[in-house]
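Colleague:
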Amino acid sequence: MAGSLPFYSFSLPGVLANCLIPGSQFMPNWISDWVFLAGMLTGYLSGILPCIYLVNMYVVDICDPKDRTAALSRISGWGTLGTCISFFFGGSITMKTGNPLIVFYIAAALFAATFIYVVSVLPESFPKEKRVALSQMRQDSESVSGELSSVTLLSSFSLIFEPLKMLVPIRRLDGTRNWRLAWCGLHTLLFTTSFIYTAIGWLVIATSVHHLTPAQTGLFLSVVTVSGAITLTVILPLLVRLLRPYYIRGTAHSLLEEEDRSDTEEPGPETSDHLDVHLAFVSCVIAGVFYLFAAASTTYQTLILSAICIGFAYVHTPTVRSLAVGSVDPLKQGEALAAIEMVSGVGTVLSPIIMGSILTATINTTPLVLFYCQLGADASHLHFSFPLI
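In case it helps, the working numbering puts the sequence shown at residues 159 to 547.
(1) Would you decide whether N522 is buried or exposed? Buried here means 16 or more other CB atoms lie within 10 Å of its CB.
(2) Could you give the DSSP three-state label for N522: helix, strand or coil?
(3) Following the continuous alpha helix (DSSP H) through N187, name the residue where it begins and the one where it ends.
(4) Beta carbon of L203, beta carbon of V193: below 7 Å?
(5) Tell me whether S385 is buried or exposed, calling it buried when 16 or more other Cβ atoms sit within 10 Å of its Cβ.
(6) Excluding the 5 residues preceding and the 5 following G505 in the sequence, name in chain order all residues of the same chain whose CB lies nearer than 8 Å to its CB.
(7) Just the C-alpha distance for M513 and L207, rounded to the nearest angstrom, thanks.
(8) Work out the CA separation of D219 and L311 for me, nearest whole Å.
(9) Enumerate in chain order the residues of its own chain whose CB-to-CB distance from R226 is below 8 Å, with the five nearest sequence positions on each side excluded.
(10) Extract the residue ranges of the alpha helix (DSSP H) inside the segment 435-515, only unbroken runs of 4 or more that lie entirely within it.
(11) Less than 6 Å between C-beta atoms, sequence neighbours within five positions excluded: which residues of the same chain meet that for A438?
(12) Decide if V435 is buried, meaning its Cβ has at least 16 other Cβ atoms within 10 Å, or exposed.
(13) Within its chain, find whatever has a CB closer than 6 Å to the CB of L533; leave out the 5 residues flanking it on each side and keep chain order.
(14) Does the Cβ-Cβ distance between N176 and F246 come in under 7 Å?
(15) Does the distance from the CB of H432 to the CB of Y405 come in under 7 Å?
(16) Is it buried or exposed, Y275, if we count other Cβ atoms within 10 angstroms and call 16 or more buried?
(17) Alpha carbon to alpha carbon, what distance is there between T456 and L174?
(18) Please list, in chain order, all residues of the same chain as V213 whose beta carbon is under 7 Å from its beta carbon, the five residues on each side excluded.
(19) Going by C-alpha to C-alpha distance, which of G197, L170, S441 and G172 sits closest to Q183?
(20) Between L397 and F470, what straight-line distance do the alpha-carbon atoms span, to the nearest angstrom?
(21) Report the rounded CA-to-CA distance for A265 versus I498, giving the unit in angstroms.
(22) For V507, count the other beta carbons within 10 Å of its own beta carbon; 16 or more makes it buried, fewer makes it exposed. Which is it?
(23) Are A105 and L526 closer than 7 Å when you measure CB to CB?
(24) Please list, in chain order, all residues of the same chain as I462 whose beta carbon is under 8 Å from its beta carbon, the five residues on each side excluded.
(25) In whole angstroms, give me the CA-to-CA distance for F529 and L344.
(26) Go ahead and pull the three-state DSSP assignment for D421.
(27) Would a C-beta distance cut-off of 7 Å place G172 and F269 closer than the cut-off?
(28) Taking the alpha-carbon positions, what's the H411 to C442 distance?
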């Protein structure tokens, strides 16, 4: 087991976390709190976000570029569906048994089965020749930039933020700079900041202004999740398959390739990234428009219709990730994906600070201001979409 495969063994922390947390209940008071804390910290390593990142990195390593968006979409869709199933079965088991610890034991068994599957069945996605080539590329980059590889505390700490260097535009062979990944990062930051808090903002408006019941708000969120899962697993891959032929362009050959190619040989088709850009922009606008409709809805039918349409906003995540990894050398796709996930994490932190402050300041006078701000931020993605084309 080598290369990127060890990173997929993050299921081991999941086993440990789901043993420590229930195990702390049977320990003396002086140590139970520390064991519980250790279980919580270990659980973060096997949470949804690390698992999604690792699975996405595996997919982009083994997937053909023309199938990458559909593959990432299916993975996100099955992950969303798994979340729904998890809450349903977890709640049902807890209600029927009256013992919440059983859920942890089942989770530990599932993590253990995942680890066995990864080790024994899952093939290596980053073989030795790719690792050697990537190592040589890094050595060449260090020699050109004159960086020293001395091991210091500062340099070791900087390794954590190493993927963010991918956002710095690099020069192409023709002398121009590749700004696409930087624009993808800025696009992701803006979308995440404006979108993450919106569902919480809607809950506040629905309960405090429209006085919806918990059953109604729960149904709305369930419809959004199911709609998103169906969109990612079925609708987006189908859209990509149907629309991709209209986004085919001729492959540009270099001068040497033109000399080697015979006169009768036709230029090969190449898949354009314009479709991903257009899908990402449309998903942003749909999210802004229909969250505004949901917040302003006066009828239950309009609310459910808005929830169904909001599910299409889930298209944004796989399309932007596909654009990001397609903007760099295939050997550095994992680092590019890590950079986008780190930027998304920053947006997740900023969203409740910025959007929550707006909602707090306006909820008593004009509660829809939050959703107008989100719609404006989503519409501004049209400006950011042009550099990605």
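All residues carry an ideal CB built from backbone N, CA and C; glycine is no exception. None of these values were measured; they are calculated from a predicted model.
Modeller: On the basis of the supplied data:
(1) Burial call: exposed.
(2) Coil, per DSSP.
(3) N187 -> alpha helix (DSSP H) spans N187 to L203.
(4) Cβ atoms of L203 and V193: not closer than 7 Å.
(5) Under the 10 Å beta carbon count, S385 is surrounded by 16 or more other beta carbons and is classified as buried.
(6) Excluding residues within five positions, the ones whose Cβ falls inside 8 Å are T346, L347, L348, F349, T350, T351 and I354.
(7) Cα to Cα, the separation comes out at about 22 Å.
(8) With a pLDDT of only 48 at L311, under the threshold of 50, the placement of this residue in the model should not be trusted; the figure read from the coordinates follows. About 32 Å.
(9) Around R226: V217, V218, S480, V483 and G484.
(10) Complete alpha helix (DSSP H) runs here, min 4: 458-468 and 474-483.
(11) The beta carbon of A438 is closer than 6 Å to those of H474, T477 and V478 in its chain, skipping five residues each way along the sequence.
(12) By the 16-neighbour rule on beta-carbons within 10 angstroms, V435 is buried.
(13) So the list reads G446 and L450, once near-sequence residues are dropped.
(14) No. Outside cutoff.
(15) Contact flag set, yes.
(16) An exposed status is given to Y275, since fewer than 16 other beta-carbon atoms sit within 10 Å of its beta-carbon.
(17) When rounded, the separation of the alpha-carbon atoms in L174 and T456 is 48 Å.
(18) Cβ within range, chain order: I233.
(19) Ranked by Cα distance from Q183, the options G197, L170, S441 and G172 are led by G197.
(20) Each residue's alpha carbon lies about 12 Å from the other.
(21) Between A265 and I498, the C-alpha separation is close to 29 Å.
(22) The residue is exposed, with fewer than 16 neighbouring Cβ atoms inside 10 Å.
(23) With the chain covering only 159 through 547, there is no way to say anything about residue 105.
(24) Exclusion of the five residues before and after I462 leaves L377, F378 and V381 as the residues of its chain whose Cβ lies within less than 8 Å of its Cβ.
(25) Between F529 and L344, the alpha-carbon positions lie close to 21 Å from each other.
(26) Unreliable positioning characterises D421 in this predicted model, as indicated by a pLDDT of 46, which lies under 50. A coordinate reading is not provided.
(27) Yes, these two residues count as a Cβ contact at 7 Å.
(28) Residue placement at H411 is poorly supported in this model, since its pLDDT is 40, which falls under 50; the coordinates still yield a value, given next. Their Cα atoms are separated by approximately 35 Å.
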